[in-house]
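Asks: If you use the working numbering, the sequence shown corresponds to residues 4 to 180, in order. Every residue, glycine too, gets a C-beta built ideally from N, C-alpha and C. Structure incoming, see below.
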Amino acid sequence: MIDELLLEIEKSSENIPIIGPIKGRVLYILTLILKPRRILELGTAIGYSTLIMAKAVKGRGKILTVERDYRLAQKAKDNFKKVGLNRKIEIIVGEAVEEIKRIKGRFDLIFLDIEKKDYYDVLEDCIKLLKRGGVLVADNVLWDELKDFRSIIMNHPKLESLILEVKDGMSISVKKF
4 MIDELLLEIE
14 KSSENIPIIG
24 PIKGRVLYIL
34 TLILKPRRIL
44 ELGTAIGYST
54 LIMAKAVKGR
64 GKILTVERDY
74 RLAQKAKDNF
84 KKVGLNRKIE
94 IIVGEAVEEI
104 KRIKGRFDLI
114 FLDIEKKDYY
124 DVLEDCIKLL
134 KRGGVLVADN
144 VLWDELKDFR
154 SIIMNHPKLE
164 SLILEVKDGM
174 SISVKKF
């Protein structure tokens, strides 16, 4: 059921940015390996990547996702409901740079896919919210405007990071301590 919805989203998401099937597969496999109990996603759009992570955790995990655009958040909620995941996924409508300050608890996996200029503003909060050994995945990291972000995560004392040159890039960072 989720697979059919993901295909439908891929075909109809012309003007809505989604990670797509290739990076989606990377995120899916990573989520399968990690078996996270708590996932935080910054940048829901219509819920494509949220659904990929939900598919990987099956019934075991909970996802908290933040989307600034009310209309996109509503579409995402509808998508979650279509596949019976509306109780496993909580969506917050608001700016990630503000909402992240109010989020409590620790997360096993954080997926970052918001306005690229905001990556810098949320990075330290993401690290703070990650459990030791938790993973931060950031999308689009090969964009020119994220050159400094790449340098920061590659040299951050609390992270071990790598950059995947898949499409416009993804980074995977593990929190060391």
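(1) For LYS185, report the span of its alpha helix (DSSP H) as first-last.
(2) Could I get the ranges of all uninterrupted beta strand (DSSP E) runs contained in the region 78–156, with 3 residues as the minimum, in chain order?
(3) Who are the near neighbours of LEU112 in its chain, counting only those whose CB is closer than 6 Å to its CB and skipping five residues on each side?
(4) To the nearest angstrom, how far is the alpha carbon of PRO24 from that of LEU45?
(5) Assign SER52 to one of three DSSP states: helix, strand, or coil.
(6) Which residue wins for smallest C-alpha separation from LYS119, given the options LEU133, GLU148 and ILE130?
(7) Specify the secondary structure class of THR68 as computed by DSSP and reduced to three states.
(8) Quick one: what's got a C-beta closer than 6 Å to ARG109's C-beta in the same chain, skipping five residues either side?
(9) Below 8 Å, how does it come out for the region 60–71 and the region 6–18: are there three or more Cβ pairs, yes or no?
(10) Would you give the residue range spanned by the beta strand (DSSP E) that LYS178 belongs to?
(11) Just the C-alpha distance for PRO20 and TYR51, rounded to the nearest angstrom, thanks.
(12) Since LEU5 and VAL69 are thought to touch, with beta carbons under 8 Å apart, how far apart are those beta carbons, to the nearest angstrom?
(13) What residue from ASP142, ARG105 and GLU101 has the CA that sits closest to ASP124's CA?
(14) Quick check on ASP142: buried or exposed, where buried means 16 or more other Cβ atoms within 10 Å of its Cβ?
(15) Which residues does DSSP pair with GLU2 in a beta bridge?
(16) In three-state terms, what does DSSP make of ARG40?
(17) Using the Cα positions of GLY136 and ILE103, report the straight-line distance between them to the nearest angstrom.
Replies: Looking at the atomic coordinates:
(1) This structure gives no information on residue 185, because the portion of the chain shown stretches from 4 to 180.
(2) Uninterrupted beta strand (DSSP E) stretches at least 3 residues long and entirely within the region 78–156 occur at 92–96, 110–115 and 133–142, given in chain order.
(3) For LEU112, where only same-chain residues beyond five positions count, the Cβ hits under 6 Å are LEU37, PRO39, ILE42 and VAL138.
(4) So the alpha carbons of these two residues sit roughly 19 Å apart.
(5) Here SER52 sits in helix by DSSP.
(6) Cα-wise, what sits closest to LYS119 is GLU148.
(7) Strand.
(8) Contacts found: LYS134.
(9) At 8 Å Cβ cutoff, the stretches do not touch.
(10) It spans 173–178 - the beta strand (DSSP E) in which LYS178 sits, taken as one unbroken run.
(11) Taking the straight line from one Cα to the other gives about 9 Å.
(12) For clarity, residue 5 is Ile in the given sequence; the question names Leu instead. With a Cβ gap of about 21 Å, ILE5 and VAL69 do not count as contacting.
(13) Taking only the C-alpha atoms, the option nearest ASP124 is GLU101.
(14) When all chains shown are included, ASP142 counts as buried.
(15) There is no way to answer for residue 2, as the model of the chain reaches only from 4 to 180.
(16) Coil, per DSSP.
(17) Rounded to the nearest angstrom, the two C-alpha atoms are 20 Å apart.
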